[in-house]
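The structure appears right after this line, and notes come after that.
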Amino acid sequence: MSGTPEGPVHPEPAETHAAEPALTERHLARRAAELRDYRAAFRVSQLAMAVVDEDGVVVVANDSFGTLLGTEPTALREQAAADLVDLASDGRTWHAYREVLGGRRSRFRCTRRLKHADGRSLWAEVTVAPVPDSRRVLLSIADISDRRELHARLRHLQMHDPVTRLPNRALFFERLSAALETSAQDAAASTGPAGPAHESHESYESYGYGRTGRIGLCYLDLDGFKAVNDTLGHRVGDRLLAAVATRLTECADRDGYTRSGSHLVARLGGDEFAILIEDSTGTEQLADLARSVLDALQLPFDLGGQRLSVSASIGVVERAGSGTTATALMQAADTTLYWAKADGKARWTLFDPERNAHRMTRQSLSSTLRPAVERGEFALEYQPLVDLADGAVRGVEALVRWNHPQFGSLAPNRFIGIAEEDGSIVELGRWVLNTACRQARQWQKDHPRERPIFVSVNVAVRQVWDSDLVADVAGILAETGLAPHLLQLELTESAVMGSNGRPLQALQALSDMGVRIAIDDFGTGYSNLAYLSRLPVSVLKLDGSFVRGFQDEEHANPADELIVEALVHLAHRLGLTVTAECVETAGQASRLRRIGCDTGQGWLYSRAVAPDRIAELIGTEPLPV
Numbered sequence: 003m004s005g006t007p008e009g010p011v012h013p014e015p016a017e018t019h020a021a022e023p024a025l026t027e028r029h030l031a032r033r034a035a036e037l038r039d040y041r042a043a044f045r046v047s048q049l050a051m052a053v054v055d056e057d058g059v060v061v062v063a064n065d066s067f068g069t070l071l072g073t074e075p076t077a078l079r080e081q082a083a084a085d086l087v088d089l090a091s092d093g094r095t096w097h098a099y100r101e102v103l104g105g106r107r108s109r110f111r112c113t114r115r116l117k118h119a120d121g122r123s124l125w126a127e128v129t130v131a132p133v134p135d136s137r138r139v140l141l142s143i144a145d146i147s148d149r150r151e152l153h154a155r156l157r158h159l160q161m162h163d164p165v166t167r168l169p170n171r172a173l174f175f176e177r178l179s180a181a182l183e184t185s186a187q188d189a190a191a192s193t194g195p196a197g198p199a200h201e202s203h204e205s206y207e208s209y210g211y212g213r214t215g216r217i218g219l220c221y222l223d224l225d226g227f228k229a230v231n232d233t234l235g236h237r238v239g240d241r242l243l244a245a246v247a248t249r250l251t252e253c254a255d256r257d258g259y260t261r262s263g264s265h266l267v268a269r270l271g272g273d274e275f276a277i278l279i280e281d282s283t284g285t286e287q288l289a290d291l292a293r294s295v296l297d298a299l300q301l302p303f304d305l306g307g308q309r310l311s312v313s314a315s316i317g318v319v320e321r322a323g324s325g326t327t328a329t330a331l332m333q334a335a336d337t338t339l340y341w342a343k344a345d346g347k348a349r350w351t352l353f354d355p356e357r358n359a360h361r362m363t364r365q366s367l368s369s370t371l372r373p374a375v376e377r378g379e380f381a382l383e384y385q386p387l388v389d390l391a392d393g394a395v396r397g398v399e400a401l402v403r404w405n406h407p408q409f410g411s412l413a414p415n416r417f418i419g420i421a422e423e424d425g426s427i428v429e430l431g432r433w434v435l436n437t438a439c440r441q442a443r444q445w446q447k448d449h450p451r452e453r454p455i456f457v458s459v460n461v462a463v464r465q466v467w468d469s470d471l472v473a474d475v476a477g478i479l480a481e482t483g484l485a486p487h488l489l490q491l492e493l494t495e496s497a498v499m500g501s502n503g504r505p506l507q508a509l510q511a512l513s514d515m516g517v518r519i520a521i522d523d524f525g526t527g528y529s530n531l532a533y534l535s536r537l538p539v540s541v542l543k544l545d546g547s548f549v550r551g552f553q554d555e556e557h558a559n560p561a562d563e564l565i566v567e568a569l570v571h572l573a574h575r576l577g578l579t580v581t582a583e584c585v586e587t588a589g590q591a592s593r594l595r596r597i598g599c600d601t602g603q604g605w606l607y608s609r610a611v612a613p614d615r616i617a618e619l620i621g622t623e624p625l626p627v
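First residue of the sequence shown? That's 3 in our numbering, and the numbers climb one at a time after it.
See the structure below:
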């Protein structure tokens, strides 16, 4: 029945009105109790807290906040919270704080350095978060000074060398990177509107900051430090390093006191140290500092009764900070330190871009030399060897050229030394020998009625040691069909004189085969004339320095002619022929012919030319002598 439901689905109006006030009272009472609890917790909390209104003004602060700053909590009311905890000191923090106050951000956290009323500093972690159901925010501040100090101590241990107490490699590169970044920012700012940039520069100068945007670096290591460790032990070595660090710091402090810029002395490892000069004033400052360091280190060290003297080599680099990198700067410093060592140690050397460019070119050539032989980037040119008696071309010297894709045509002096160092001279020399013999045989075929000319090929000592030169020559002569007496091998005087063992055996075997052996640049090396008679040599090539002494015919030095005449006479008595190099004038040729020199070579007759030009000279009128 509709009038008798099992139970009311909805309370009667009278019942509703009777229960509502009771529920509200209980709810309000609970909220009031909670609020009292919150206020009590707020007052007694060890965490410094303050309630801040939407304008950023402190409404109330707890006792811990007052204790943190050394003032009464009531004194903090009505003050700007941002001023109390330094939230307006940088734009990013200030913006985040305003975002929370405006309800556009939930919370943010930052670390700030605060001042206590007694003057001491403390580090605090500040958190700003909205108060629920309110337009106010809660500011909470935790003192993290102890944690910060522990972190600083750990970082100091991590970033400093335990032996010298100097900054280590990690801190050095951190500081260097920061200095370069600052220089780049200053350079970028200087490219802005002329007015502000100029005003900024003026302000720096007027207040004495001396911002130059340049970086200086003295990179040094001790000469012979390993011997100290090996002979006196690592304990004495460590004492020496610590004493060196003290003197370096004193030099840097003196320079920093008298000039603008800040200095950092660091131990990079082993006996390597670096002095970084930010905002250096130029190379003169770096040179003065390097000299003072050398002077300071040359004074003897007294290490617990052990008296030691050391020296150092220093690489000096100074350049604009913008446009360079830490890696590039250190590479330049390392290269310059190497130069100082190579130049004799106990000195400082300034980075030289031209010298470095030559080094880089040398490295580039070294890395591409071996593949260049395989790619066929080399070619031979030939310079005539002329009979001084009748002007006939008796032979040619083969001169190798490297047609480098980047650097163009390179003369032998640009790459032969590199080839000898890395061993590629063996493969290159074999190619030169094969090509020259093949070309000489071709000239012989093309001019069968003419007297065949010989070809002279330069041979490096390493070719004798690192390859079977005798077998190579025999194989090439057999392959090309060139007669052995039409091949001449040139070795330098220093390589031939004093030869024994394998080199001497190889030279003897080649001579027995019929190949002519010539001593190149004779007169510049050992000049062991007594030993000359025991060598399987058939030709002496006088160094060009003797011939150049004949150039000034009006003021000729009689001694030059006497020396050459004596050498020619001695060679002839030993059954040797003599070739004069660097013949450039008819007067030189005439005097050499009068002395009795057999052949001449030089620009008077021809420069080194392509094979087809030599073919034109064969069988033509004799060259002027």
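Idealized CB from N, CA, C, for every residue including glycine.
>> Am I right that Leu-471 and Val-461 are in contact with their C-beta atoms under 8 Å? What's the rounded C-beta distance?
In response: If you number the sequence shown from 1, residue 471 lands on position 469. If you number the sequence shown from 1, residue 461 lands on position 459. Sure, about 7 Å apart at Cβ, within 8 Å.
> Would you call the segment 534-550 and the segment 573-589 touching, i.e. three or more CB-CB distances under 8 Å?
Replying inline: yes
>> Please report the straight-line C-alpha distance between Tyr-209 and Pro-373, rounded to a whole angstrom.
In response: In the sequence shown, the residue the question calls residue 209 occupies position 207. In the sequence shown, the residue the question calls residue 373 occupies position 371. Legend: pLDDT at Tyr-209 = 33, less than 50; position of this residue unreliable, no value from coordinates given.
> Between which two residues does the beta strand (DSSP E) harbouring Thr-579 extend?
Replying inline: The sequence position of residue 579 within the sequence shown is 577, counting from 1. Run containing Thr-579: 579-582, per the beta strand (DSSP E) assignment.
> Out of curiosity, what's the CA-to-CA distance linking Asn-405 and Arg-416?
Replying inline: If you number the sequence shown from 1, residue 405 lands on position 403. If you number the sequence shown from 1, residue 416 lands on position 414. Between Asn-405 and Arg-416, the C-alpha separation is close to 12 Å.
> Does DSSP put Arg-316 in a helix, a strand or coil?
Replying inline: Residue 316 sits at position 314 when you count from the first residue of the sequence shown. Looking at the sequence shown, residue 316 is not Arg but Ile. Here Ile-316 sits in strand by DSSP.
>> Taking the alpha-carbon of Asp-148 as reference, which of His-162, Arg-171, Ser-123 has the nearest alpha-carbon?
In response: Taking the first residue of the sequence shown as position 1, residue 148 is located at position 146. With distances taken between Cα atoms, Asp-148 lies closest to Ser-123.
> Name the DSSP beta bridge partners of Ala-561, please?
Replying inline: Locating residue 561 in the sequence shown gives position 559, where the first residue counts as 1. In the DSSP output, where bridge partners are listed per residue, Ala-561 has none listed.
>> So the candidates are Ala-334, Thr-113, Ala-617, Val-611; which of them puts its Cα closest to the Cα of Ala-400?
In response: Within the sequence shown, the letter at position 398 stands for residue 400. Considering only alpha carbons, the answer is Val-611.
> Can you list the beta strand (DSSP E) stretches of 3 or more residues lying completely in the segment 451-482, in chain order?
Replying inline: 456-460
> In chain order, what residues of the same chain lie with their CB nearer than 8 Å to the CB of Trp-96, ignoring the 5 residues before and after it?
Replying inline: Counting from one through the sequence shown, the residue named residue 96 turns up at place 94. Only Ala-84, Leu-89, Ala-90 meet the Cβ criterion.
> Thinking just about the alpha-carbon of each residue, which of Phe-67, Thr-337, Gly-425, Ser-608 is nearest to the one in Tyr-221?
Replying inline: Locating residue 221 in the sequence shown gives position 219, counting from the first residue. It is Thr-337 whose Cα lies nearest to the Cα of Tyr-221.
> Assuming Arg-396 and Leu-387 make a contact with CB atoms under 8 Å, what is their CB distance in whole Å?
Replying inline: In the sequence shown, residue 396 corresponds to position 394, counting from 1. In the sequence shown, residue 387 corresponds to position 385, counting from 1. So it is a contact: roughly 6 Å between Cβ atoms.
> Contact check, Ser-535 vs Leu-576 under 8 Å by CB: the rounded distance?
Replying inline: Taking the first residue of the sequence shown as position 1, residue 535 is located at position 533. Taking the first residue of the sequence shown as position 1, residue 576 is located at position 574. At roughly 6 Å, the Cβ-Cβ gap stays under 8 Å, so Ser-535 and Leu-576 are in contact.
>> Within a Cβ cutoff of 7 Å, which residues of the same chain sit near Cys-584, ignoring the five residues on either side of it in sequence?
In response: Reading the sequence shown from its first residue, position 582 is the one you call residue 584. Here the set comprises Gly-546, Val-549, Arg-550, Gly-604.
>> Applying the 10 Å Cβ sphere with the 16-neighbour rule, what's the burial state of Asp-188?
In response: The residue you call residue 188 lines up with position 186 of the sequence shown. Under this definition Asp-188 is a buried residue.
> Starting from His-360 and walking both ways along the alpha helix (DSSP H), at which residues does that stretch end?
Replying inline: As a working note, residue 360 is residue 358 in the sequence shown. Element bounds for His-360: 355-377.
>> Using 8 Å as the cut-off, can you tell me whether the segment 411-425 makes contact with the segment 611-625, which would need three or more C-beta pairs spanning the two stretches below that distance?
In response: no
>> Quick check on DSSP: helix, strand or coil for Tyr-221?
In response: On the sequence shown, position 219 is the one that residue 221 refers to. Strand at Tyr-221.
>> Looking at Gly-2: is its Cβ nearer than 8 Å to the Cβ of Ala-181?
In response: An answer regarding residue 2 cannot be provided, because it is not within the stretch 3 to 627 covered by the chain.
> Measuring CB to CB, does Ala-154 end up less than 8 Å from Ile-143?
Replying inline: If you number the sequence shown from 1, residue 154 lands on position 152. If you number the sequence shown from 1, residue 143 lands on position 141. Their beta carbons are not under 8 Å apart, which means Ala-154 does not touch Ile-143 by this criterion.
>> Taking the straight line between their C-alpha atoms, what separation do you get for Ala-268 and Arg-216?
In response: As a working mapping, residue 268 is identified with position 266 in the sequence shown. As a working mapping, residue 216 is identified with position 214 in the sequence shown. About 19 Å.
>> Can you confirm whether the segment 295-307 touches the segment 236-253 when touching is taken to mean that 3 or more C-beta pairs between the two stretches lie within less than 8 Å?
In response: yes
> Going by C-alpha distance, which of Val-246, Asp-290, Gly-483, Val-566 is nearest Asp-257?
Replying inline: In the sequence shown, the residue the question calls residue 257 occupies position 255. Out of Val-246, Asp-290, Gly-483, Val-566, Asp-290 has the C-alpha closest to the C-alpha of Asp-257.
>> Suppose you measure from the CA of Leu-78 to the CA of His-158; what does that come to, to the nearest Å?
In response: Residue mapping note: residue 78 aligns to position 76 of the sequence shown, counting from 1. Residue mapping note: residue 158 aligns to position 156 of the sequence shown, counting from 1. So the alpha carbons of these two residues sit roughly 37 Å apart.
>> Using a Cβ-Cβ cutoff of less than 8 Å, which residues in the same chain neighbour Glu-274 once the five nearest sequence positions on both sides are dropped?
In response: Along the sequence shown, one-based indexing puts residue 274 at 272. Here the set comprises Tyr-221, Leu-222, Asp-223.
>> I need the boundaries of the alpha helix (DSSP H) containing Pro-164, first residue and last residue.
In response: By one-based count along the sequence shown, residue 164 stands at place 162. Unbroken run through Pro-164: none, as it is neither H nor E.
> Out of curiosity, what's the CA-to-CA distance linking Pro-169 and Ala-247?
Replying inline: Residue numbering aside, residue 169 sits at position 167 when the sequence shown is read from its first letter. Residue numbering aside, residue 247 sits at position 245 when the sequence shown is read from its first letter. Cα-Cα distance, rounded: 11 Å.
>> Just to confirm the assignment, what range does the beta strand (DSSP E) spanning Asp-345 have?
In response: The residue labelled residue 345 in the question sits at position 343 within the sequence shown. Segment: none, Asp-345 is in no beta strand (DSSP E) and carries neither H nor E.
> Going straight from the alpha carbon of His-571 to that of Ala-588, what length do you get?
Replying inline: Against the sequence shown, residue 571 aligns to sequence position 569. Against the sequence shown, residue 588 aligns to sequence position 586. One C-alpha to the other measures close to 22 Å.
> Comparing alpha-carbon positions, which option in Ala-394, Phe-175, Leu-606 lies nearest Asp-600?
Replying inline: Start at 1 with the first residue of the sequence shown, and residue 600 comes out as number 598. Among Ala-394, Phe-175, Leu-606, the Cα nearest to that of Asp-600 is on Ala-394.
>> In the DSSP assignment, the alpha helix (DSSP H) including Gly-93 goes from what residue to what residue?
In response: Counting from one through the sequence shown, the residue named residue 93 turns up at place 91. Element bounds for Gly-93: 93-103.
> Using CA coordinates, which residue listed in Asp-120, Val-53, Ala-63 is at the minimum distance from Ser-136?
Replying inline: Start at 1 with the first residue of the sequence shown, and residue 136 comes out as number 134. If we check each option's Cα against that of Ser-136, Val-53 comes out closest.
>> Bridge partners for Trp-350 per DSSP, in chain order?
In response: The sequence position of residue 350 within the sequence shown is 348, counting from 1. According to DSSP, which records beta bridges pairwise, Trp-350 is partnered with Ile-316.
> Near Asn-436, which residues of its chain fall below 6 Å by C-beta distance, leaving aside the five closest residues on each side in sequence?
Replying inline: Taking the sequence shown and counting its residues from 1, one reaches residue 436 at position 434. Result list for Asn-436: Ile-478, in chain order.
> What does Leu-266 pair with, by DSSP beta-bridge criteria?
Replying inline: Residue numbering aside, residue 266 sits at position 264 when the sequence shown is read from its first letter. According to DSSP, Leu-266 bridges with Leu-278.
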